[in-house]
Amino acid sequence: MKRLFVWILLLPILLTALSCKKEKKVEREGIINFLTGTVTIFNGTDKIAASVGYVVKQGVKIETGEKSFVDIYFAENAIKILENSSVEMKDLSFDMKDESEMTRFYIKKGKIFAKVAKKLSRNNRFYISSPTTTAGVRGTEFLVASDDLKSLVATLNGTVEVSNDATPGQEPVLVKDKQQVIVEKDRSMSVEELSADNRKLIDDIKKNFQEMKQSLREQFEKQREEIRKVVEEQRQKNRDMLEERRAVDKENVEKQKELDKENIDRIKGGADTTGAEPQEDVNRAKGESQKNLEGVKPEIPKFKSKVE
């Protein structure tokens, strides 16, 4: 089980090639924020084990094994791919002309839970498709379960528009709060009350999302406090080092002054004995003394550290 510390809870949508004015659409990206068990990434011909922090791009397919799942964040929106599932990132585009986002996932088998921002922009679209259905939403929490023959769309809150792609000509149905619908070929869609099992499943998933966010917040606060502690310890070390250097420098200066005084006194004493003029020798000794003092009084660097 792996978790990713996010000093911000959600990574912003990454837009590539924004500087290219000729492009009308650019690709957005998501990020794997949490996973457990066996999660495999298929990117073209590459097959790799998923990891927290992996950047999910358009065209990537993700498969989960037994007792495995993965959470992927796309700015304010998030999906959880449950165990034994296969989901492709069909469309993660941003249209610069009308500043709209298109998000479309294709689930071949398994289960996917989507948590969509309550206030999607008017032009933004969010869809989950399967071999038999397409579910389009605008601000909701819902589950899509699929195999080759049928799909289930269950809504915890909000509204999902569901189409029967396996039977063209059927009118779409709206699946609202705590409702569900089963979609399969050559069968009319009938919206019904959310079953107890599906309600529990969605509630558990939602609870897991909330617990994960709380855990991330706690990790953030813990690491921020640890950073503060490290910075403060470094500041104290800097202060101690400065005081120690000042003490050593002061001691060296005093020793040098004493030696210089002894030299000057010796020169004066020798001059008194011989009757020679001592001033030139005294001046020379003072000059050398000044140079020696400069040598024992190095410039003390200033250490700055700031706790944000």
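So for the sequence shown, our numbering puts the first residue at 9; every next one is plus one. Ideal Cβ placement from N, Cα and C applies to all residues, glycine included.
Given L182, which residues of its chain have a CB within under 8 Å of its CB, disregarding the five upstream and five downstream residues?
By the criterion of a C-beta distance shorter than 8 Å, L182 is surrounded in its chain by T167, V168, E169, V170 and V199, once the five residues flanking it on both sides are discounted.
Once you ignore the five residues that flank D79 on each side, which residues in its own chain have a CB closer than 6 Å to its CB?
Taken in chain order, the residues that qualify are N41, F42 and K88.
Starting from the N-terminal side, write out each stretch of the beta strand (DSSP E) that is 3 residues or longer and does not extend beyond the stretch 86 to 124.
For the stretch 86 to 124, whole beta strand (DSSP E) runs of length 3 or above, ordered along the chain, are 94 to 103 and 108 to 123.
Could you have a look at A162 and say whether DSSP puts it in helix, strand or coil?
The answer is strand: DSSP assigns A162 an E or B state.
Could you work out which residue in N132, I49, L90 and M249 is closest to D106 when comparing CA atoms only?
Nearest of N132, I49, L90 and M249 to D106, Cα basis: N132.
What number of angstroms, rounded off, separates the C-alpha of M97 from the C-alpha of Y135?
Taking the straight line joining both Cα atoms gives about 11 Å.
Check whether the Cβ atoms of S137 and Y114 sit closer than 8 Å, and answer yes or no.
With respect to the 8 Å criterion, S137 and Y114 are classified as neighbours on the basis of their beta carbons.
For R133, write down the residues that DSSP places opposite it in a beta bridge.
DSSP lists M110 as partners of R133.
Give the secondary structure of F250 by DSSP, where H, G and I count as helix, E and B as strand, and everything else as coil.
Position check: residue 250 holds Leu in this sequence, whereas Phe was assumed. Per DSSP, reduced to three states, the secondary structure at L250 is helical.
Using C-beta distances below 6 Å, list every residue in its chain close to K75, excluding the 5 sequence neighbours before and after it, in chain order.
Apart from the 5 residues on each side of it in sequence, K75 sits with its Cβ closer than 6 Å to the Cβ of G45 and E91 in its chain, given in chain order.
For P176, count the other beta carbons within 10 Å of its own beta carbon; 16 or more makes it buried, fewer makes it exposed. Which is it?
It is exposed - the Cβ of P176 has fewer than 16 other Cβ atoms within 10 Å.
Apply the 10 Å Cβ neighbour rule to V238 and answer buried if 16 or more other Cβ atoms are within range, or exposed otherwise.
So V238 counts as exposed.
Please name the residue in L151, E84 and K116 whose C-alpha comes closest to that of V124.
With distances taken between Cα atoms, V124 lies closest to E84.
Would you report the Cα separation of D248 and R236, rounded to the nearest angstrom?
Cα atoms of D248 and R236: separation of roughly 18 Å, rounded to the nearest angstrom.
Assigned exposure category for G38 - 16 Cβ within 10 Å defines buried
The residue in question, G38, is buried, as its Cβ has 16 or more Cβ neighbours within 10 Å.
Local conformation of K30 per DSSP, three classes
Residue confidence is low: K30 scores 46 on pLDDT, short of 50, so the model does not pin down where it sits. No coordinate-derived value is stated.
Which residue marks the beginning of the beta strand (DSSP E) containing A153, and which one marks its end?
Note, A153: beta strand (DSSP E), E149 to S154.
Compare the beta carbon distance of F4 and I190 with 8 Å and say whether it is the shorter of the two.
It is not possible to answer for residue 4, since the shown part of the chain is limited to 9 through 316.
Over what stretch of residues does the beta strand (DSSP E) that includes S76 continue unbroken?
Annotation for S76: no beta strand (DSSP E) segment contains it, and DSSP assigns it neither H nor E.
Taking DSSP as the reference, what is the three-state secondary structure of A143?
Three-state result, A143: strand.
Nearest by alpha-carbon distance to K186: which of E201, F50 and N172 is it?
Among E201, F50 and N172, the Cα nearest to that of K186 is on E201.
A83: beta carbon under 7 Å from a heavy atom of the ligand ZN?
Annotation note on the ligand ZN: not contained in the displayed structure, which lists no ligands.
Cutoff 6 Å; reference V145; Cβ partners in own chain excluding five residues on either side:
Sequence-distant Cβ neighbours of V145 in its own chain, meaning closer than 6 Å and more than five residues away, are V124, F134 and V168.
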